[in-house]
Structures are given as C-alpha cells and as structure tokens.
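2 protein chains.
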Amino acid sequence: MKKSIGVIDLGSNTARLVIYEQDDSGMVAEIDNIKYSLRLSNHLRAGRLDEEGVAKTLTAMRQFKKLLDARKVTQAIGVATAAVRQAENGRELTAAIERESGISMRVLSGKEEARYGYLAVLNSMPVDEGITIDIGGGSTEVTYFRDRQLIESHSFPFGIVTLTSQFFREEVPSEEEFAQLRTFLADSLATCPWLANRQCPVIAIGGTARNLGKIHQRQVHYSMDSLHHYPIQADAVTNILNALRRLPLEERRQIPGVSKDRADVILAGMAAFESLLHYAQSDCLLVSNKGLRDGVLYETVWGEQPPASTAIVRERSALQFMNRYQVDQPHSRHVRDLALSLFDQLQQHALHSFGGFERQLLENAALLHDTGRTINVYEASEHTFYLLSNVLMAGYTHRERLLLAMIASYKTNKLAQSQIARHPDLLGKQDKSLVEKLGHLLLFSRVLDRSMTQAISAVRLASTGGEFVLSCTGKQPDLLEYSLLDEPLSKLSKAWKIPLKVVVDA
Amino acid sequence: MKKSIGVIDLGSNTARLVIYEQDDSGMVAEIDNIKYSLRLSNHLRAGRLDEEGVAKTLTAMRQFKKLLDARKVTQAIGVATAAVRQAENGRELTAAIERESGISMRVLSGKEEARYGYLAVLNSMPVDEGITIDIGGGSTEVTYFRDRQLIESHSFPFGIVTLTSQFFREEVPSEEEFAQLRTFLADSLATCPWLANRQCPVIAIGGTARNLGKIHQRQVHYSMDSLHHYPIQADAVTNILNALRRLPLEERRQIPGVSKDRADVILAGMAAFESLLHYAQSDCLLVSNKGLRDGVLYETVWGEQPPASTAIVRERSALQFMNRYQVDQPHSRHVRDLALSLFDQLQQHALHSFGGFERQLLENAALLHDTGRTINVYEASEHTFYLLSNVLMAGYTHRERLLLAMIASYKTNKLAQSQIARHPDLLGKQDKSLVEKLGHLLLFSRVLDRSMTQAISAVRLASTGGEFVLSCTGKQPDLLEYSLLDEPLSKLSKAWKIPLKVVVDA
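Residue numbers (my numbering), protein chains in the order written: chain A, 479 to 984; chain B, 479 to 984.
Take a look at the structure:
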C-alpha cells in the first residue's frame with residue numbers, strides 16, 4: 479500500500495504544501511506541490527502578526543487542508559518558521575490553524591530550522607563537509623558540518639524581506655546603502671567565528687539560491703536542465719550581484735532566471751551569500767533544491783541522523799527509481815551481480831584499475847538500465863538516458879549523473895559520442911573510455927539474463943594461454959542466452975582489448 | 479490482470495518474436511522483441527527448404543519458446559510467409575516446429591499476408607485511401623484500399639532476396655541489369671491494373687522501407703526521431719536509389735540509415751517502391767513501422783475489420799497512453815469534459831472557428847496532459863512533451879503529434895515558441911495561435927479540477943454587456959479551485975482576447 483505524507487512549511491515569505499508518496503520499501507517521491515505567497519514578514523507590526531496576515535494564513539491553510547483531503551493524506555506535518563516564531567501572537571495563530579483546518583503546526587526554533595537544512599543536504603548531495611545557508615523572508619540559518627556530522631548552527635533574525643526594508647529605500651539601492659548592508663552582514667557573520675576560513679563549499683538553500691543558479695546557468699548556456707548541486711564560483715556570485723543591483727526593478731524582473739515575485743528582495747539574499755563566501759574563504763557555492771520541507775520529510779522517513787555515507791544516498795536513490803519506474807528487480811539485481819562479478823574478476827586479472835566510485839557507477843547503472851522501458855520498449859535506451867539525466871538522482875554531481883545515464887543506456891560508441899558532444903561543459907573525450915568499457919560490460923551482462931529468468935547463475939573468468947575464458951554456469955546447456963552471446967562478447971572483447979571466449983559450464 | 483500475447487513471424491528473411499502486454503481495457507503495448515536473421519529464401523533449393531534452413535529455423539523457434547515461457551506468455555500466434563509457403567516441405571517444417579517447440583504456425587496465403595499489412599496500416603495511420611506494399615525476402619504484397627475498405631490485394635512471388643539473386647550478378651549492378659529489373663517490375667505491376675494511376679499515397683512496409691526512411695531523414699536532418707508515417711516524395715526515392723546503386727557494397731553499408739545485414743538486398747526493394755510510385759502515379763511514399771505482425775496482433779485484439787475512422791484509432795491510442803502512464807483517469811476525463819464544454823460554448827458565441835480536428839486535438843491533449851507526471855512531478859510538462867513527441871501515437875501525422883504534445887504540455891508562450899523553433903521543418907509561426915489558445919483553455923480547465931476531485935461539475939459561458947461571464951457550478955462555494963483561478967483566467971482572457979470573468983454558482 480502506498481502512503482501519502484504532506485509537509486506544510488509556513489515560511490516568512492511563502493506557505494507551501496508538498497505531498498509525497500511513500501512506496502512499499504519506504505522510498506518517497508513528490509507528487510504534488512502548491513504554494514501561496516503570504517509575505518508574513520511584512521505583516522509583523524510591533525512584534526505581532528496583523529489581522530490581514532492572520533486571515534491570509536488561515537485561508538491558505540484551509541485550502542491546503544482541502545488538497546490534503548482530496549489526496550487522501552493521512553500524515554500531515556506542519557512547521558512554521560521565523561515570522562510565526564518572532565510574532566508574540568504566533569502560538570495564537572497555530573492554535574487557530576489547528577482549530578480551523580485540523581493541521582497541527584510545530585513552531586521551529588532557529589536551531590531546528592537550521593538542522594533541517596543540514597538534513598536536506600546530507601540526504602541528497604555528495605558532500606561530507608560544508609556550510610549551509612538557508613535565507614528565508616525573515617531569518618537566515620547557517621550550519622557547519624564535517625564528516626557528515628552537524629558541528630555548529632545558528633539562526634540570524636533577518637531575511638531577504640526584512641533586510642530589504644531595513645537597508646534599501648529605493649528600488650535601486652545606492653552604493654552607500656549597499657555598503658551599509660555589507661557591513662551589517664559582515665558584522666553579523668563575525669558573531670559566528672566557527673564559520674571563518676573553513677574553505678569548504680557553501681551550500682545555499684531557498685528561492686534566492688535557485689534564482690541565482692538559474693541566472694548563472696542562462697549566462698553560461700549550461701547544458702543540463704538541473705539545479706540541485708549546481709556549482710557557482712564565488713567571483714561569479716559577486717559579478718551577478720553587482721550587475722543586478724544597478725538595474726531598475728522592472729529590468730531586474732526581466733533577467734532570465736529571476737522570479738517575478740522575488741525580484742524586489744533578491745539582492746539582499748545574494749549579498750548574504752557573497753558575505754558568507756568571503757568570510758568562510760570559500761570559492762564555491764552549491765545550489766540546493768532541497769530545503770526545510772525536505773529535511774522534515776527525510777527525518778520522518780529516515781530518522782534524525784543523516785545517511786552515514788553518500789553511497790547510501792545513491793543506493794536509496796537507485797531503489798526509489800527502480801520502484802518508481804517499475805523495473806523488473808530480480809532481473810536488474812541479477813544483471814548487477816553478474817556485472818560486478820565480471821568487474822571484480824577483471825580487476826583480479828589486472829585488466830583494469832578502476833576504483834570504488836566506478837564500481838558503484840556500474841552497480842547503479844545495472845540496477846537502472848531498464849528504467850526507459852517504462853516509457854517504451856522502442857528506443858528504450860534513449861528513454862533511459864532521458865530519465866536518468868533529467869530526473870534528479872540524489873547523491874550525484876551533474877557530471878556523475880551523466881556518466882551513470884550514459885553507462886546505463888549504453889548502446890553504441892557513436893551514441894555515447896553524441897551524448898558527450900551535447901554536454902561539452904561537463905564531459906570530455908577522456909570520459910569515452912570509461913563509458914565504453916563499463917557500457918559493454920553492462921550490455922554483455924544484460925544478454926546473460928536476456929530471458930529475465932536468472933538462468934545463468936555465475937560467470938568465472940580464467941586466463942589460459944594468452945586467452946581469457948568466461949565459463950558460464952547455467953540451469954541447462956542450451957539456454958536462450960548462449961545463442962545470443964556472440965555479438966556482445968566480441969564487442970566487449972574489442973572495447974576492453976582482451977581476447978575473450980565463452981564456455982558453457984552447465 | 480495483464481495478459482501477454484506473443485506473435486511469431488517466420489519470414490523469408492528474418493524470424494521475429496514480438497511480445498505484447500494487454501491491459502485491463504484491452505489496450506496493447508509491445509514489451510519485448512527478438513529476431514534471428516535466417517534468410518530462408520536462400521535455403522530454398524529446387525522448391526524445398528534445405529536441411530540447414532530447417533535446422534536453423536527449428537533452433538530459432540526453440541529459442542523463441544524459451545522467451546515465451548520466461549515471459550509467461552499464454553497466447554502465442556505463429557505465422558509463416560513466402561519461403562515456407564513456397565516450399566514443398568513447408569508443412570513438414572511447421573509440423574516439426576509444433577512438435578519441437580509447441581508453437582503452432584499458420585502458413586499464410588499471399589492474400590492473407592497482404593490483408594495483415596492493410597490492417598496494420600488502418601489501425602495505426604491517419605489514411606482513408608492508399609496502396610500498401612510490403613516487400614519481404616521472398617514475396618511482395620500489395621493492396622489498394624478506399625474509404626478504409628480493402629478493395630484489391632495481390633502477392634507477387636518475389637522479394638528483395640530473390641530479386642537480388644535473380645537480377646544482380648555483382649555487388650554493384652550494371653546499368654543493364656538494373657534496367658532489366660525495372661522492366662520486370664513494371665511488367666509484374668501491370669498484371670494488377672487496379673494499381674494504375676490511383677494518385678494516392680503508397681504506404682511501404684518492412685525493413686527496406688524503414689531503411690529508406692532513415693536514409694532520407696539523415697539527409698534532410700529531420701527534426702523528429704520517428705519513422706512511422708514519415709513521408710518521402712517520389713523524386714527523393716529515385717534519387718536515393720540512384721545514388722546507392724552505384725556504390726560498392728561496403729560503402730553502401732556505411733550510409734547512415736542502411737542496416738548492415740540488409741545493404742546487399744536493399745536496392746531491389748527500393749526499385750520496387752520506385753516502380754509502384756510510378757505506376758500508381760503517386761507522388762508520395764509513407765513509411766510504415768507497422769506490418770504483418772502488428773496486423774496479426776490487431777486482428778487478435780480488435781477483430782478482422784479495421785477501425786471505422788481515424789478518430790477511433792486516436793481514441794484507442796489515448797486510452798492506451800493513459801493506462802500505460804498511469805494517468806488519474808477520473809481527473810483527466812473531467813478536465814477533458816470541462817475543456818470541450820468551454821470549446822463548444824466559445825464556438826456558440828462565435829469566438830472561434832476551429833473545427834472537428836482541433837476539437838479532437840484538445841480532447842486528447844486534455845486526456846494526456848498528466849502523462850509526464852509518471853516521470854516526475856518536477857518539470858512534468860517537459861516530460862509530457864517528451865513522451866507525446868517521442869513515443870508513437872497511432873493515428874497522427876508527425877506534425878499533428880507535435881501539436882498534440884505542445885497543447886497537452888502547454889505552460890508558457892515562450893516554451894511553445896522554443897518547441898516550434900526545434901521543429902522548423904514541421905511547425906511554423908502560424909501554429910502559435912492554435913497552440914496558445916487551446917493550451918490556455920486546457921491550463922484553465924486543469925485548474926478547474928486542481929484538487930482532482932471533480933468538485934466543479936460544470937461551467938457556463940454567458941455574454942453580458944460586452945463581458946463574458948463563466949459561471950461555475952461546484953459542490954461548495956469555497957473550493958480550493960476558486961482560490962486559484964485568477965491567474966489562469968487572466969491568461970486565458972489575454973490569449974483569446976476576450977474580457978472574461980468568473981462567478982461562482984454554487
């Protein structure tokens with residue numbers, strides 16, 4: 479039975495409901511997502527949320543409740559952040575929400591909010607050390623983690639909405655105003671000396687970060703349509719900020735990548751990223767598409783601790799894809815076992831020097847090689863490439879994801895070359911050999927289970943007189959598989975430049 | 479319960495097994511496909527299939543049986559064509575097949591073979607009148623149909639393999655040899671005077687036709703990756719044939735689009751197309767990806783008669799896609815009803831002059847608008863466009879399929895423009911208005927069922943004082959849907975250039 483989980487994030491800028499579906503093996507996928515722009519920060523008057531703010535919030539929550547009911551969601555988790563936390567009447571509001579819509583809201587402390595950002599990142603990105611910054615409408619959370627453990631965290635009581643109204647009087651802030659903002663940010667960061675000079679990636683969470691990523695991707699004509707884990711050099715952040723802050727609001731709004739409802743407050747957020755990159759002496763910002771609500775979800779599903787390694791993140795991702803795209807799992811797991819066995823035996827014969835990363839690439843490519851069949855059996859490998867390169871897989875950089883997609887969908891050398899040519903900013907000629915070798919290994923392993931019945935249980939590689947002999951142990955001597963091995967074997971042999979022969983060892 | 483059907487096509491050139499899965503509503507999708515190149519025509523010695531030919535066939539059939547068992551196929555339908563039909567010992571072979579593999583094979587008459595080609599075309603292409611030609615290894619079937627009814631059919635006892643060995647002594651046939659072949663083909667066609675001067679499309683079935691289509695697509699850098707219903711002008715067929723027939727075999731093999739195992743016999747097939755186009759005075763050849771085995775399947779599933787109209791073909795295709803991509807059907811059917819109701823009412827108010835074709839485009843786009851969600855909820859409309867433009871939908875030309883994909887996935891005018899720009903050979907600026915109008919109509923209808931609960935049962939359009947008022951009849955006055963209508967309504971109003979207003983008529 480599938481189960482739906484709803485997460486409601488009542489933020490200072492927007493309220494958002496995300497609905498996830500959890501499959502039998504516990505894997506989750508987002509299935510619906512709706513938001514209302516509330517700008518609660520602007521409704522804080524003398525420490526209290528005003529009537530209009532309260533009324534708008536209650537309306538939004540009633541609407542969310544309707545969607546939760548329509549989607550038959552039984553577990554709904556509500557969290558409220560800065561605006562509600564800072565408001566004297568915040569608890570009155572959450573009580574009213576619960577009374578009127580039945581949604582129970584937890585008001586998060588700044589520390590909790592920060593930790594959810596950290597959890598979102600560790601559950602979805604290949605990073606072991608880093609700084610997170612989640613800048614919302616009315617607060618900004620930072621954390622520092624090392625060896626995947628949360629070391630420090632802090633919540634600043636300012637966000638893009640409040641910084642904008644505090645520092646900028648005009649649409650186009652003056653140089654002086656901007657300098658004042660920078661000084662304020664530097665002073666604020668200095669209260670967290672544990673951020674200084676870390677020289678690790680700064681991971682930016684939230685709408686401002688997504689906008690920044692999109693702006694940069696358009697500028698450089700990035701070849702992928704994916705934002706999560708997109709890296710931007712510190713210099714580029716400063717350049718984009720300096721260009722944008724001199725534009726009138728209407729022109730800023732027209733910049734590709736800028737959200738229309740965020741153009742007025744985006745500068746303050748970018749300035750915060752710039753200051754943090756400088757203070758931490760970091761040369762790279764990574765955009766995270768996952769944030770608070772994902773952290774809340776991950777905690778619900780996977781518990782308070784992040785996965786112990788990136789390998790686990792990738793494993794879960796592969797399992798989620800297999801479930802979602804209805805892969806024949808006994809088949810794909812068997813192909814995985816055969817491919818890894820060949821990989822390991824080739825290594826024992828000193829026929830390659832690939833390491834653990836390549837082994838895991840092959841493993842996950844084997845598990846996912848049939849995902850494209852969900853779309854269609856014709857051109858299935860093109861569809862596999864499309865799926866794996868276009869749908870977010872947690873735990874991979876973009877480059878790694880492309881390599882995974884190429885190996886999983888490998889068909890011909892020519893196709894691989896055209897895929898490389900489509901991503902000149904991420905792949906190069908040097909990748910050809912890896913993809914070709916692992917691609918042919920996978921193609922061969924797939925034919926070893928062409929009937930999808932796991933009839934060939936094992937392959938053993940032995941070297942005899944300059945030739946390598948693969949003996950196959952199968953259920954019977956005349957399997958369908960044996961009649962189809964010639965072509966993939968000769969291609970494998972050519973790609974690896976090894977004389978290979980198959981014998982049946984029934 | 480899903481059911482699997484296997485179709486085995488024992489042809490003169492190749493033997494092929496295709497496995498289809500039939501869903502609860504009777505729709506079928508191909509799930510596996512395997513072939514062996516047997517070249518049975520070459521094993522016909524003095525009217526008998528030689529021992530090697532028989533042995534190879536029996537081996538292939540045993541292998542097919544293994545795949546049928548592995549895939550748990552209960553209904554397997556075997557058909558044999560020219561080589562077996564022409565061989566004196568054909569019945570002995572089919573008896574041996576049945577004995578050794580349990581697959582019962584029906585030896586088709588030439589007329590039956592021809593009729594299956596016609597059935598394949600009528601079940602998958604938008605054509606009401608045409609000539610089909612299916613050229614195999616050892617026979618060639620032609621039919622003529624009008625008003626979707628089969629009028630005449632014939633089977634010639636020659637195919638690409640036999641023509642090649644009969645007329646060409648060398649790899650590169652001489653001008654004289656080629657002239658002799660052309661004369662022979664013209665004389666043969668003249669025995670079917672019902673083909674003369676029909677001036678209707680010639681629909682070419684089989685591997686030679688697919689190769690021809692691919693060659694032409696590469697030459698003109700065609701923007702779609704789809705072969706079924708690809709049109710080629712008669713002149714272009716002659717040009718390609720004349721270029722290819724002067725190349726040495728090895729060079730012919732290297733031409734993009736030519737199958738390596740077909741390069742030696744392809745010329746004879748192309749010459750047959752050329753002669754038929756000439757004799758029928760037809761200026762256009764359409765490539766069909768569907769042939770004998772699909773005809774056999776369609777007969778099994780849909781009966782002996784073809785669908786009465788292309789509209790039915792499109793309906794079935796839409797249903798198959800909805801099942802396959804797990805669309806929420808109560809939702810998509812409701813969106814369809816709302817969109818068509820708006821379309822009809824706009825017409826009653828003389829606000830558009832679209833016809834039945836556009837109405838059906840909107841209908842099927844509404845049914846299929848959510849297919850991309852199967853891939854991912856993020857970028858779902860991009861995925862919808864990918865699916866609908868890349869997976870074959872029966873009953874559409876390529877251009878029509880693109881229009882359908884664009885309307886179903888419509889998000890913004892900008893996105894539509896970029897899609898048009900990607901297909902300059904099929905779409906133009908004149909398509910923008912249609913896509914934009916129907917796209918916004920669909921987007922608006924989708925929001926009318928945003929909760930997916932069919933809470934708004936009807937919309938009525940009335941004109942009052944220069945303004946058009948849409949009254950919505952819903953279950954309650956404060957539906958989620960109503961709170962979300964402002965933006966899509968204002969966009970709809972702008973796209974249609976009509977002042978529109980919504981009132982709730984609870």
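Beta carbons: idealized from backbone N, C-alpha and C, even for Gly.
Because the structure is a prediction, the values reported are computed rather than measured.
Please tell me whether residue i has its Cβ less than 9 Å away from any Cβ of chain A.
{"i": "Thr552 (chain B)", "result": "no"}
{"i": "Thr852 (chain B)", "result": "yes"}
{"i": "Ala507 (chain B)", "result": "yes"}
{"i": "Asp812 (chain B)", "result": "Note on identity: in this sequence residue 812 (chain B) is His, with Asp being the wrong assignment. No, His812 (chain B) lies away from the interface with chain A (no Cβ there is under 9 Å from its Cβ)."}
{"i": "Asp703 (chain B)", "result": "yes"}
{"i": "Thr942 (chain B)", "result": "no"}
{"i": "Thr537 (chain B)", "result": "yes"}
What residue does the alpha helix (DSSP H) around residue i start on, and which one ends it?
{"i": "His861 (chain B)", "result": "Ala858 to Asn868"}
{"i": "Glu654 (chain A)", "result": "Glu653 to Ala668"}
{"i": "Ser795 (chain B)", "result": "Thr788 to Arg802"}
{"i": "Val585 (chain A)", "result": "No alpha helix (DSSP H) contains Val585 (chain A), which is instead part of the beta strand (DSSP E) from Met583 to Val585."}
{"i": "Tyr757 (chain B)", "result": "Ile744 to Tyr757"}
{"i": "Asp547 (chain B)", "result": "Glu529 to Ala548"}
{"i": "Arg563 (chain B)", "result": "Ala560 to Gln564"}
{"i": "Arg837 (chain A)", "result": "Gly834 to Leu846"}
{"i": "Val642 (chain B)", "result": "The question names Val, but residue 642 (chain B) is Thr in the sequence shown. Start and end: Ile638 to Phe645."}
{"i": "Lys910 (chain A)", "result": "Asp909 to Val925"}
Name, please, each residue of chain A whose Cβ falls closer than 7 Å to the Cβ of residue i.
{"i": "Gln541 (chain B)", "result": "Leu958 and Ser961"}
{"i": "Tyr864 (chain B)", "result": "Tyr864"}
{"i": "Val869 (chain B)", "result": "Ile853 and Asn854"}
Residues of chain B with a CB under 7 Å from the CB of residue i: which are they?
{"i": "Asn601 (chain A)", "result": "Those within 7 Å of Asn601 (chain A) in chain B number zero; the least Cβ separation is about 17 Å."}
Which residues in chain A sit within 8 Å of residue i, going by Cβ to Cβ distance?
{"i": "Asp501 (chain B)", "result": "Those within 8 Å of Asp501 (chain B) in chain A number zero; the least Cβ separation is about 13 Å."}
For the ligand PLP, is there any heavy atom lying closer than 8 Å to the beta carbon of residue i?
{"i": "Arg877 (chain B)", "result": "The ligand content of the structure shown is nil, which means the ligand PLP is not present either."}
So which residues on chain A does residue i lean against when the C-beta distance must stay under 9 Å?
{"i": "Ser929 (chain B)", "result": "Lys544, Leu545, Asp547, Ala548 and Arg549"}
For a contact defined as C-beta to C-beta under 8 Å, what are the partners of residue i on chain B?
{"i": "Asp510 (chain A)", "result": "Val855"}
Kindly say whether residue i, judged by its beta-carbon, lies nearer than 9 Å to any beta-carbon of chain B.
{"i": "Thr559 (chain A)", "result": "no"}
{"i": "His901 (chain A)", "result": "no"}
{"i": "Glu841 (chain A)", "result": "no"}
{"i": "Glu860 (chain A)", "result": "yes"}
Just curious, the beta strand (DSSP E) that residue i is in, first and last residue?
{"i": "Phe623 (chain A)", "result": "Thr618 to Arg624"}
{"i": "Gln783 (chain B)", "result": "Unbroken run through Gln783 (chain B): none, as it is neither H nor E."}
{"i": "Glu576 (chain A)", "result": "Taken as a continuous stretch (DSSP letters only), Glu576 (chain A) belongs to no beta strand (DSSP E), being part of the alpha helix (DSSP H) at Gly568 to Ser579."}
{"i": "Gly608 (chain A)", "result": "Gly608 to Ile613"}
{"i": "Ser949 (chain A)", "result": "Glu945 to Gly952"}
{"i": "Gln807 (chain A)", "result": "Gln807 (chain A) -> not in any beta strand (DSSP E); alpha helix (DSSP H) instead, spanning Gln807 to Gln826."}
{"i": "Ile681 (chain A)", "result": "Val680 to Ile683"}
Tell me, please, which residues DSSP counts as bridged to residue i.
{"i": "Thr492 (chain B)", "result": "B:Ser515"}
{"i": "Gln695 (chain A)", "result": "The partner list for Gln695 (chain A) (beta bridge, DSSP) is empty, contrary to what the question assumes."}
{"i": "His632 (chain A)", "result": "A:Val620"}
{"i": "Glu499 (chain A)", "result": "A:Ser482 and A:Ala507"}
{"i": "Lys979 (chain B)", "result": "B:Val947"}
For residue i and chain E, any beta-carbon pair shorter than 9 Å?
{"i": "Thr572 (chain B)", "result": "Chain labels in this structure do not include chain E; the protein chains are A and B."}
Quiz item: Any chance the segment 925–939 of chain B sits against the segment 952–972 of chain B, with 3 or more Cβ pairs inside 8 Å?
Solution: Contact between the segment 925–939 of chain B and the segment 952–972 of chain B is present, because at least three Cβ pairs lie under 8 Å.
Quiz item: Hey, is the segment 840–854 of chain B in contact with the segment 799–815 of chain B, meaning 3+ C-beta pairs nearer than 8 Å?
Solution: Judged by Cβ distances under 8 Å, the segment 840–854 of chain B makes contact with the segment 799–815 of chain B, as three or more pairs qualify.
Quiz item: Per the contact definition of three or more C-beta pairs closer than 8 Å, is the segment 673–693 of chain A in contact with the segment 600–614 of chain A?
Solution: Short answer: they touch.
Practice problem: Evaluate the contact criterion for the segment 600–609 of chain B versus the segment 555–569 of chain B: three or more CB pairs, one atom per stretch, below 8 Å. | Solution: No, they do not touch.
Quiz item: Does the segment 523–541 of chain A come within contact of the segment 566–582 of chain A, defined as at least 3 CB pairs closer than 8 Å?
Solution: Touching, per the Cβ criterion.
Quiz item: Taking three-plus beta-carbon pairs below 8 Å as touching, is the segment 743–752 of chain B in contact with the segment 719–729 of chain B?
Solution: The answer is yes - the segment 719–729 of chain B touches the segment 743–752 of chain B, with three or more Cβ pairs under 8 Å.
Quiz item: Is the segment 698–710 of chain B in contact with the segment 637–644 of chain B, if contact means three or more CB pairs nearer than 8 Å?
Solution: In this structure the segment 698–710 of chain B does not touch the segment 637–644 of chain B; the number of beta carbon pairs closer than 8 Å is below three.
Exercise. For the segment 790–797 of chain B and the segment 868–888 of chain B, state whether three or more C-beta atom pairs, one from each stretch, are separated by less than 8 Å.
Key: Cβ pair count under 8 Å is three or more, so yes.
Quiz item: Is the number of C-beta pairs between the segment 619–630 of chain B and the segment 582–597 of chain B that are closer than 8 Å three or more?
Solution: Yes: the two stretches touch, three or more of their Cβ pairs being nearer than 8 Å.
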